[in-house]
Every structure is written in C-alpha cells, then in structure tokens.
Amino acid sequence: MTVRVSFAKRLVSIASALLIILATGHAFAKDGVPAKKLFGGKALPADMPAQAYGFYSKGCLSGGMAIATDGPYWQAMRLSRNRRWGHPQLINTIEKLARQSAQYDGWPGLLVGDISQPRGGPMLTGHASHQIGLDADIWLTPMPNRRFTYAERESTSAISVLKAKSVVTDPNIWTQAHGRLIMRAVSYPEVQRVLVHPGIKKKLCETWKGDRSKLNKVRPYYGHHYHMHVRLRCPKGSGNCRTQNAVPADSGCGAALDWWFDVALKPKKPSKKSKKTSKPKKKRQIMLGDLPSACAVVLKSADPVSEEAVTFRSATTARTAFAPLKPVNSPFSMPALVPIPKPRPFLQ
Ligand SMILES: [Zn+2]
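In this text, residue positions in the sequence shown follow our numbering: the first is 1199, and each later residue adds one.
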C-alpha cells in the first residue's frame, strides 16, 4: 500500500514537473515569437498619433491610415495581404501622385502595390523594408480602363518594362508616360528616393528632357522593373524615425550607373567553390526587442473604432475637379466618395 502511495506521489510530482517545464517552455516560446508574426497578425492600426518609429527595414508605425481600395485614379492590388496602410503623409502623397499623373502625365491611374501592415513592422513574406509606413510600391503598369474585381487584384501580374532576359527597357512597353510618372514622384519634396531597375534609370538619363535636378532621387536597384518603390523622408513629428543617408547631389547617370551594367548585373561566372560546401547563411529573425521600444506599445495599443474611420478616400472636390478626364469607362460604378475621416494630429 505504502509503495503504491509513494508511486502515486511520484507520478504527481513528475506530472507537475512536466507541467512546469511545459509552462516555462511555452513562455520561452512566446518570447521567441519573431516580430513578423506579431505584426503580421494585426488587422488594424494602433489608435495613436501618426508616427514612424525606427528605420525603413527595422521599425513600426502608429496611427496608420489605409488607402481606399478604389479612388478616382487608383486601384489597390493584392487586397488579401492587408498592406494598404501607411503614415498619413504617404497616403496623401500616393493620392496626389495618382491625381496629378492622371491630370498632367497621361498616366491613367495607379495600381497600388504593397505599402505597410496596419502597424508596420516586419512582414511574414517579402520586403525587408516597408516597416514604418513610408514605403510604397507603385506598379509600372497603367491602371486599366475598368475596375478590377477582387480576384483579379489577387491574380493579375504587373508587366515588366524591360525586354525579356535583358537589362534595357522594351520600346514596346516603356512609354514617355512611365518616365513622367517616375519623375513626378521624385519632384515631391517629401519623397526621399524612388527605387527603379538600373535599366529604367538609364532610360531616364538618356531621354528625360524636363528638369533633371531631381534625377539623383531616382535610385537604381535590383528588381523594380515591374514596380517602382517610393520612399518618403521621416515626416515632421516622427522624432524616433531614422533618416536614410541623403542621395548624392550628382544625377547618378555616370560611372555610378555604369557600375550596375559593368559589374552588378553582369551574369556571374560559376565560382570554383562547389555549391555543396558553401552553406546558405540563415538570417536571424527580427524579434520585438530588436525594434524601437515604442513598437511594443504600438503592438499593445487599441484598435480604432473601425477600418472605415482610418481609411483615406478622395475628397469630393477631387472628383468634381477631375470629372472631365473620365479616366474610367468602367462597367463597375465608381465607389461612393466620402469625406476624409476626422484628421489625425499629423494632418492638422
Ligand atoms: Zn518596395
């Protein structure tokens, strides 16, 4: 009998020890959740004044605003990703670019790609940057003359402006309007830089007849021949936002651009090292503790009353002012335009 009791006692103590191990293990696992999972799980922004915290590739966003899925001169793509969120200044800039490029540049409207998650932060898929609500991908494919369905916004692909398997623009795809769209984006003082493929930069260097003083803000980079990446400076009121180095004053059309074609984009000769011996480096995950401390507050902060309350739509004036342009002979009716939601502190 006594043997049985002590055995039962033992079982209990083993079970409780196991529980403790499980519990502590669980706590450890929770601490170990990568920041992308924490931020990727948020459906709505932090209901706080608009601020960008940290750097484009390591930070977060409070007071985010969504761009509406449809505007007079834009359509947001890949809606399931819920990356239509940005600092209100960026959302304003996208709306302005959409409207002005339609009015002046012959660009019928923007297809808006990824901006940021509702509270910014690292993402579960793609993008090292886009974390503080100041980066936006704008497709280099003009908006069609109709409204895409939700399913089409998931499946439609952007069109590369480069010739197939080449590093130069395709004359059958590239138009002067593409150039005007990019140059309009860099003309805005709040835009710090726009990333495009070196082939696009080269085309602009060779053909841009307008003001060339902002060509330096068009920055060559890998990829970016399906879309351009628009990056804003740290906005006023974002004291914890880290500015990126200024772009060089030089147009960047000379030796710096040649390097891309002579070195960076040259097909690589197969290296003597066997692939088996060189292990791919595993990148360390960004954890919450790696981000500015304010990001923990941003994560915990309450949601706004509704998504609608923090979604930007064009003011009705924009609709009347640009009505004669008739950008869409859409089989779909235009979405109802509602007044801009109550301004957040940034906009006042
Ligand atoms: Zn981007």
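Where a beta carbon is used, it is the ideal one built from N, C-alpha and C, also for glycine.
Length of the line joining the Cα atoms of residue i and residue j
{"i": "G1602", "j": "G1437", "result": "Only positions 1199 to 1546 of the chain appear in the structure, and residue 1602 is not among them; the question remains open."}
{"i": "P1369", "j": "I1357", "result": "13 Å"}
{"i": "K1400", "j": "D1335", "result": "20 Å"}
{"i": "K1498", "j": "Q1249", "result": "15 Å"}
{"i": "A1521", "j": "L1308", "result": "At A1521, the pLDDT of 32 sits below 50, so the modelled position is not reliable; the number obtained from the coordinates is stated separately. Between A1521 and L1308, the C-alpha separation is close to 17 Å."}
{"i": "A1233", "j": "L1413", "result": "36 Å"}
{"i": "R1317", "j": "M1381", "result": "30 Å"}
{"i": "N1527", "j": "P1270", "result": "Because N1527 carries a pLDDT of 35, less than 50, the predicted location of this residue cannot be relied on, and the following value inherits that uncertainty. Answer to the nearest angstrom: the Cα atoms are 12 Å apart."}
{"i": "S1353", "j": "K1407", "result": "36 Å"}
{"i": "C1432", "j": "G1487", "result": "22 Å"}
{"i": "G1262", "j": "R1281", "result": "11 Å"}
{"i": "G1324", "j": "E1404", "result": "32 Å"}
{"i": "A1494", "j": "G1319", "result": "11 Å"}
{"i": "P1468", "j": "G1421", "result": "21 Å"}
{"i": "V1496", "j": "E1506", "result": "20 Å"}
{"i": "C1451", "j": "S1411", "result": "12 Å"}
{"i": "A1266", "j": "Q1298", "result": "18 Å"}
{"i": "T1515", "j": "V1365", "result": "Residue confidence for T1515 is low, a pLDDT of 39 falling below 50, so the modelled location carries little weight and cannot support an answer."}
{"i": "S1566", "j": "V1445", "result": "Nothing about residue 1566 can be reported from this structure: the residues present for the chain run from 1199 to 1546 only."}
{"i": "Q1301", "j": "T1367", "result": "25 Å"}
{"i": "R1517", "j": "A1454", "result": "With a pLDDT of only 41 at R1517, under 50, the local geometry of the prediction cannot be trusted, and no value is derived from it."}
In DSSP terms, what residue i is bridged to
{"i": "K1174", "result": "Any answer about residue 1174 is impossible in this case: the structure gives the chain only from 1199 up to 1546."}
{"i": "L1309", "result": "Q1273"}
{"i": "F1459", "result": "In the DSSP output, where bridge partners are listed per residue, F1459 has none listed."}
{"i": "R1429", "result": "D1333 and R1391"}
Proximity below 7 Å, CB of residue i to CB of residue j
{"i": "F1510", "j": "I1289", "result": "yes"}
{"i": "H1425", "j": "W1337", "result": "yes"}
{"i": "R1429", "j": "Q1483", "result": "no"}
{"i": "W1303", "j": "L1379", "result": "In the sequence as presented, Trp is not what sits at residue 1303; that position holds Asp. In contact: D1303 and L1379 (Cβ atoms closer than 7 Å)."}
{"i": "R1344", "j": "L1277", "result": "no"}
{"i": "L1322", "j": "G1238", "result": "yes"}
{"i": "W1272", "j": "V1310", "result": "yes"}
{"i": "D1501", "j": "L1242", "result": "yes"}
{"i": "W1458", "j": "P1418", "result": "yes"}
{"i": "L1402", "j": "G1377", "result": "yes"}
Closer than 6 Å: residue i CB and nearest ligand 1 heavy atom
{"i": "H1427", "result": "yes"}
{"i": "D1460", "result": "no"}
{"i": "D1547", "result": "Outside the shown range of the chain, which is 1199 to 1546, sits residue 1547, and nothing can be said about it."}
{"i": "D1335", "result": "yes"}
| task | Take every Cβ of the stretch 1253-1263, pair it with every Cβ of the stretch 1313-1332, and state whether three or more of those distances are shorter than 8 Å. | result | yes
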